[in-house]
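Residue numbers (full-length UniProt numbering), protein chains in the order written: chain A, 1 to 199; chain B, 1 to 199; chain C, 1 to 199; chain D, 1 to 199.
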């Protein structure tokens, strides 16, 4: 398996997933409500679109940082990458559910939608850490990385995964705060290095 | 026809098809049923999403193994590749039909949906074997593969195609067992070599 | 403008357009009609899916043949390529309209849908010929092609465009025959060279 | 971050966004209205499809011109590129809203839809200028561009951004004129150089 085709397929999936977010944006002029009122009522869709676009965009940036380290592609690495993509591809669904719950759902619905959104995010964070663990294990085996450096990098990379359950808990209390938290976390991870830089 | 552009187009189609699976996931907060009850009722959608994601993901992995062998691209090779992609692209449709039948359909509907799902899967397995046969025939003609080795590799590769009709028959009896079978088959083919490794 | 990125973008658009065809396939188990009856009634969708998949697949194959000739990318070449992609991207729409008209429309609706389908096909054939004309004109200017050979290749390439209005007229009389014609034309163009081979 | 993967991801997003425009085209044969009458009533969808296809197509052409200058990819460059893609990906939504408003909405709805369409266009124009500013700033720092030449190129590139608010104002008065303006601007930018050629 060549690294080039692994990157091409992953880029393709991430590009389609990030673009499908737009399908959750839709207004219906001429349905009896003025379009201006519809725009105002659709704020959760717009907010969720921006947040999820940043989340997937930053996954793409960090996916590149991790794959930069890859020399040998093995089947387990492919498996974790596939699981990661499976969670990322679900983001347009959790985004649509959350924005619909914020617009039309009960308080209990919003809590369920926040758990779905945060749960899928935790899922991709865990899959990302398992992918990173596999990539760096191959590096250690091939003598390109010191085992102790790997432990440090893995600890730092994996540390990110604790934020997602925390944001999920915040989302159960107050979902808009969770969205602000995801935005802040994404911008942080866009401009700061994950453990990938050390490995 | 360059192999690079054949891979780029195939990767693109597979990446879009795998991502379109998410369009079958949708909940409607605020429609009178609690979101939690909707999540519980939608279990066939979630299960079918995971299974079909693995199925298409493993097709991508094995597609790469087969194309790795290609040096010369001819028109018949392109034709079988196109037929393979046509069946793979139909998977989001058979997935959506099966999960809707499991959620809302009669027992007869579930059987029809299982035959559709299994039939399209059998279709891509047959197309894959024809593609592999063409690729290895060109190898033999160009002196890169021994005809006897080709027969062995083709027999081993094609053996996979008998599992799909078998899983379809299982699906007619009990559809969830078919989904478990597809998962097991996909994980097996992700970690084990098909005949492509010998050719 | 590099040729590599022109190919990557065109491959991306063609891969998405061919995959979006699947969105026109949908059945609704549990809506009161048995799924088997729905499958039988949806035959125009399945037929149109196969035909349009072949049509776009063959456009991709021949698009590659034409771009193989390109050394210098200029703005007019980009423009004709964009117009070609605009017509190809509309195929999922004309496909869905035609299959819906065959399933549910009046005889007049089927005629209108056939004109739409054939008209968009004529549009991409004309755009393809204009693209081929531009590509070969640049070849002549850069001394890589004899003007007389260009005229012959252009005549042969452009000859294909007369089939599309003819098929449209057949479609006005009897739409299924048009679909058979498109299949035959696609398979012919998949296995036979267009004028691109001479240029 | 390699420039190749930045281009691949951006090409992917732009290719999906331009192709999703087709999802706004849909007719419903057999719903009681003749298909011919439906085609006539759907003119805003067809017009908006053509205009937005050209708009995204030209963004792709000019995106390439800007990325051609890139040698070093930094995080801020990635950030502006992501914001640019976020606005471009929203174009299928603003296109669908505008065409629906023109077909079914009140005069006030059309004005709101024109502001949405023009606003998102202004958004991508501003993000494009910020991306261009970042790209050329890195060029200056790495000694490949004179600061004075950068100012000239940036002024010329940024000048384009004033047209989008102007077209938005025209759209508030008469939306079809705005669509004509976007077409003219796109064709102009397809055939003429932006400031990118100087940098």
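Just so it is clear, CB atoms sit at the ideal spot from N, CA and C, and this is done for glycine as well. This structure is a prediction, so every number in the text was calculated from the model and none was measured.
Please list the terminal residues of the continuous alpha helix (DSSP H) segment that includes residue i.
i	result
residue 92 of chain A	91-104
residue 110 of chain C	107-141
residue 201 of chain C	In the structure as shown, chain C starts at 1 and stops at 199, and residue 201 of chain C therefore has no counterpart that could be examined.
Any beta-carbon of chain B closer than 8 Å to the one on residue i?
i	result
residue 78 of chain A	yes
residue 17 of chain A	yes
residue 57 of chain C	yes
residue 89 of chain A	yes
residue 51 of chain C	no
residue 115 of chain C	no
residue 84 of chain A	no
Determine the DSSP secondary structure at residue i, reduced to helix, strand or coil.
i	result
residue 161 of chain D	helix
residue 144 of chain D	coil
residue 14 of chain A	helix
residue 173 of chain C	helix
residue 184 of chain B	helix
residue 72 of chain A	coil
residue 37 of chain B	helix
residue 8 of chain C	helix
residue 154 of chain A	helix
residue 196 of chain D	helix
residue 31 of chain B	coil
residue 179 of chain C	helix
residue 21 of chain B	helix
Quick one: does residue i have its CB under 8 Å from some CB of chain C?
i	result
residue 5 of chain B	yes
residue 141 of chain B	no
residue 72 of chain B	no
residue 118 of chain B	no
residue 112 of chain B	yes
residue 61 of chain D	yes
So that I know if they touch, is there some Cβ in chain D lying closer than 8 Å to that of residue i?
i	result
residue 95 of chain A	no
residue 178 of chain C	no
residue 168 of chain C	no
residue 11 of chain A	yes
residue 105 of chain C	yes
residue 108 of chain C	yes
residue 190 of chain A	yes
residue 67 of chain C	no
residue 21 of chain C	no
residue 135 of chain A	no
residue 92 of chain C	yes
residue 162 of chain A	no
Should residue i be flagged as near chain A, meaning a C-beta pair shorter than 8 Å?
i	result
residue 8 of chain B	yes
residue 131 of chain B	no
residue 99 of chain B	no
residue 75 of chain D	yes
residue 14 of chain B	yes
Listed from N- to C-terminal order along the chain, which residues in the segment 23-53 of chain C have their beta-carbon within a distance smaller than 9 Å of any beta-carbon of chain E? Any reference to chain E falls outside this structure, whose protein chains are A, B, C and D.
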